[in-house]
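A.B. asks: Protein chains in written order, with our numbering: chain P, 39 to 271; chain H, 39 to 271.
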């Protein structure tokens, strides 16, 4: 009887935005797994820290942020094997995931490696998209409006087309792409419809109109753009 | 000193997918508010039922599902006034919202009416989009992929264009629009890339390939379509 792998979404950063189900699984976990950024800290582990047993066995995956995908894939291969050993011993593994496991989450790489051989259960989490909307006081979509979620690294022409054709847009992973994204939104005359949010729901959170966004943005930053077609009144 | 209005996301339906923060606010609430469907039950209240104090004062908003928007808007006008009376008395109000308050949530109508006069705080919740992906075991987006969220009532031509131009698509509020949506997806040759999910995370949940979807779909149903460009390996 092998163990079950749980991919547990932790939400955007505020530990209180963890779900009751995720909290129960983490508090009961004898083995947890999580990615670390090239030997550095793990944001996921930090969010869940107060819920993790002192005695829990911890499987770390050191994922390098290189443009060459091979080193990262090798890290997930190794992590999947370590997790598999625990599952084979009949023990469950709770994998900690920032946000939601299946929404730009690294858990997808473990799921792809293990789902055919083991029981994998995914616990959804609050995404940064709705967390940023809440913190910015900016409703996203109502009734028959459409939401488009775009990653910041997209090339300029496509970014322009996608933004022009959408009602509500969330641009993720802004980071070093901020100047390019800002230029596109300015050019479309939509700057006054956009908010810039970084590290949503954390103590160091920043929420400002896009026109007041800093020159440099961290990886965990987002631009929300709503054209406000619907006054909801 | 007036009270604070909390718009609290409850997630997709499983009471365990409520966040720790939402649970704390509901358990402490002396006044809660929620919409009911034309005198019927309230899905939001049902999700939170075990957390609500026996002594809590309950403000109900009877929202008719008519194509004419005026009756629904009148119901939100009345609800906002009832909530305002409690806030004016210095008491907080916790408004219960299925899913996330700013993601197709009725709370947006109350926010529009009250945010200029009172302190409004929104607690984000797990959306049905990532809950359906988790239950279907279907990763949504990774790396530089884009997600498009579409409402089922969209007209066929636009639905076709949006689906054709996207990598991952979540079609919300499928309901009576299922035949139209299915025809578009079949026509695009994408039926094998699509899952049908109804009442995600509830005991009566249904998760099947789109090809096996029932003839009639409830309002709380979704189609997830991922073209699987990225094997995540």
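Just so it is clear, CB atoms sit at the ideal spot from N, CA and C, and this is done for glycine as well.
If you're wondering where the values come from, they're calculated on a predicted model, not measured in any experiment.
Residue 184 of chain P touches chain H at which residues, Cβ-Cβ below 8 Å?
C.D. replies: 186, 187, 188, 189, 192, 200, listed in chain order.
A.B. asks: Provide the residue span of the alpha helix (DSSP H) that contains residue 173 of chain P, from first to last.
C.D. replies: Where residue 173 of chain P is concerned, the enclosing alpha helix (DSSP H) stretches over 166-174.
A.B. asks: Taking beta-carbon pairs under 7 Å, can you tell me which members of the segment 236-248 of chain H lie near chain P?
C.D. replies: Result list empty, no residue passes.
A.B. asks: Relative to the alpha-carbon of residue 208 of chain P, which residue among P/171, P/217, P/181, P/218 has its alpha-carbon at the smallest distance?
C.D. replies: It is P/171 whose Cα lies nearest to the Cα of residue 208 of chain P.
A.B. asks: Which residues does DSSP list as the beta-bridge partners of residue 159 of chain H?
C.D. replies: DSSP output for residue 159 of chain H lists H/44 as bridge partner(s).
A.B. asks: When the cut-off is 8 Å and only beta carbons count, does residue 267 of chain P lie next to chain H?
C.D. replies: With a pLDDT of 49 at residue 267 of chain P, under the threshold of 50, the modelled position of that residue is not reliable, and no figure is offered here.
A.B. asks: Are the beta-carbon atoms belonging to residue 56 of chain H and residue 58 of chain P less than 8 Å from one another?
C.D. replies: For residue 56 of chain H and residue 58 of chain P, yes; Cβs fall inside 8 Å.
A.B. asks: Can you name, in chain order, every residue of its own chain whose Cβ lies under 7 Å from the Cβ of residue 253 of chain P, other than the five neighbours on each side?
C.D. replies: Taken in chain order, the list of residues that qualify is empty.
A.B. asks: Starting from the Cα of residue 137 of chain P, find the closest Cα among P/264, P/228, P/233, P/51 and give me that residue.
C.D. replies: Considering only alpha carbons, the answer is P/51.
A.B. asks: Output the distance between the C-alpha atoms of residue 154 of chain H and residue 61 of chain P, rounded to the nearest integer angstrom.
C.D. replies: In a straight line, the C-alpha of residue 154 of chain H is about 35 Å away from that of residue 61 of chain P.
A.B. asks: If I'm right that residue 134 of chain H touches residue 212 of chain H with Cβ under 8 Å, what's the distance once you round it to whole angstroms?
C.D. replies: Between residue 212 of chain H and residue 134 of chain H the Cβ distance is about 24 Å, and since that is not below 8 Å, they are no contact.
A.B. asks: Roughly how many angstroms separate the alpha carbons of residue 100 of chain H and residue 65 of chain H, rounded to a whole number?
C.D. replies: So the alpha carbons of these two residues sit roughly 24 Å apart.
A.B. asks: What is the DSSP secondary structure of residue 258 of chain P, reduced to helix, strand or coil?
C.D. replies: Here residue 258 of chain P sits in coil by DSSP.
A.B. asks: At 8 Å on the CB atoms, spell out the chain H contacts of residue 59 of chain P, in chain order.
C.D. replies: What residue 59 of chain P touches in chain H: 52, 54, 55.
A.B. asks: Determine which residues share a DSSP beta bridge with residue 71 of chain P and list them.
C.D. replies: DSSP, once it has assigned bridges, lists P/97, P/133 as partnering residue 71 of chain P.
A.B. asks: With DSSP as the reference, identify every bridge partner of residue 49 of chain P, one or two as the case may be.
C.D. replies: Bridge partners of residue 49 of chain P: P/137.
A.B. asks: Once the 5 residues before and after residue 113 of chain P are set aside, which same chain residues still bring their CB inside 6 Å of it?
C.D. replies: These residues qualify, in order along the chain: 99, 100, 101.
A.B. asks: Excluding the five sequence neighbours on either side, which residues of its own chain have a C-beta within less than 7 Å of the C-beta of residue 314 of chain P, listed in chain order?
C.D. replies: Only positions 39 to 271 of chain P appear in the structure, and residue 314 of chain P is not among them; the question remains open.
A.B. asks: Could one say the Cβ of residue 153 of chain H lies closer than 8 Å to chain P's Cβ atoms, at least one of them?
C.D. replies: Output row for residue 153 of chain H: interface = yes.
A.B. asks: Going straight from the alpha carbon of residue 82 of chain P to that of residue 74 of chain P, what length do you get?
C.D. replies: If I take the Cα positions, the gap works out to 9 Å.
A.B. asks: Evaluate residue 176 of chain P with the Cβ neighbour count: other Cβ atoms within 10 Å of its Cβ, from every protein chain shown; 16 or more gives buried, anything less gives exposed.
C.D. replies: Result: buried.
A.B. asks: Return no unless some Cβ of chain H is closer than 8 Å to the Cβ of residue 79 of chain P.
C.D. replies: No, because no Cβ of chain H sits closer than 8 Å to the Cβ of residue 79 of chain P.
A.B. asks: Between residue 120 of chain P and chain H, is any beta-carbon pair separated by less than 8 Å?
C.D. replies: No, residue 120 of chain P lies away from the interface with chain H (no Cβ there is under 8 Å from its Cβ).
A.B. asks: Looking at the structure shown, is residue 189 of chain H part of a helix, part of a strand, or coil, going by DSSP?
C.D. replies: Here residue 189 of chain H sits in strand by DSSP.
A.B. asks: Show which residues of chain H have a CB atom less than 9 Å away from the CB atom of residue 261 of chain P.
C.D. replies: None at all; the shortest Cβ gap to chain H is about 14 Å.
A.B. asks: Are there 16 or more other CB atoms within 10 angstroms of the CB of residue 267 of chain P, so buried, or fewer, so exposed?
C.D. replies: Low confidence applies to residue 267 of chain P: its pLDDT is 49, below 50, so where it sits in the model is not reliable, and the reading given next is rough at best. Exposed: under 16 other Cβ atoms inside 10 Å.
A.B. asks: By a C-beta neighbour count over all protein chains shown, 10 Å radius and 16 as the cutoff for buried, is residue 196 of chain P buried or exposed?
C.D. replies: It counts as exposed.
A.B. asks: According to DSSP, residue 247 of chain H sits in a beta bridge with which residue or residues?
C.D. replies: For residue 247 of chain H, which the question treats as bridged, DSSP gives the partners H/233.
A.B. asks: Quick check on the burial criterion: 16 or more other C-beta atoms within 10 angstroms. Buried or exposed for residue 259 of chain P?
C.D. replies: The residue is buried, with at least 16 neighbouring Cβ atoms inside 10 Å.
A.B. asks: Looking at residue 235 of chain H: is its Cβ nearer than 8 Å to the Cβ of residue 222 of chain H?
C.D. replies: The answer is no: Cβ separation not under 8 Å.
A.B. asks: Return yes when the Cβ of residue 48 of chain H is within less than 8 Å of the Cβ of residue 85 of chain H, no when it is not.
C.D. replies: Against a cut-off of 8 Å, the Cβ pair of residue 48 of chain H and residue 85 of chain H comes out as a contact.
A.B. asks: On the premise that residue 41 of chain H lies in contact with residue 129 of chain H, defined as a C-beta separation below 8 Å, what is that separation, rounded to the nearest angstrom?
C.D. replies: Indeed, because the Cβ distance is near 5 Å, the residues count as touching under 8 Å.
A.B. asks: Mapping DSSP to helix, strand and coil, what is residue 219 of chain P?
C.D. replies: Reduced to three states, the DSSP call for residue 219 of chain P is helix.
A.B. asks: So with CB distances below 7 Å, who are the chain H contacts of residue 164 of chain P?
C.D. replies: What residue 164 of chain P touches in chain H: 57, 162, 163, 164.
A.B. asks: So which of P/201, P/146, P/54, P/217 has the shortest CA-CA distance to residue 227 of chain P?
C.D. replies: Residue P/201 is the option with its Cα nearest to residue 227 of chain P.
A.B. asks: What number of angstroms, rounded off, separates the C-alpha of residue 219 of chain P from the C-alpha of residue 189 of chain P?
C.D. replies: Cα-Cα distance, rounded: 10 Å.
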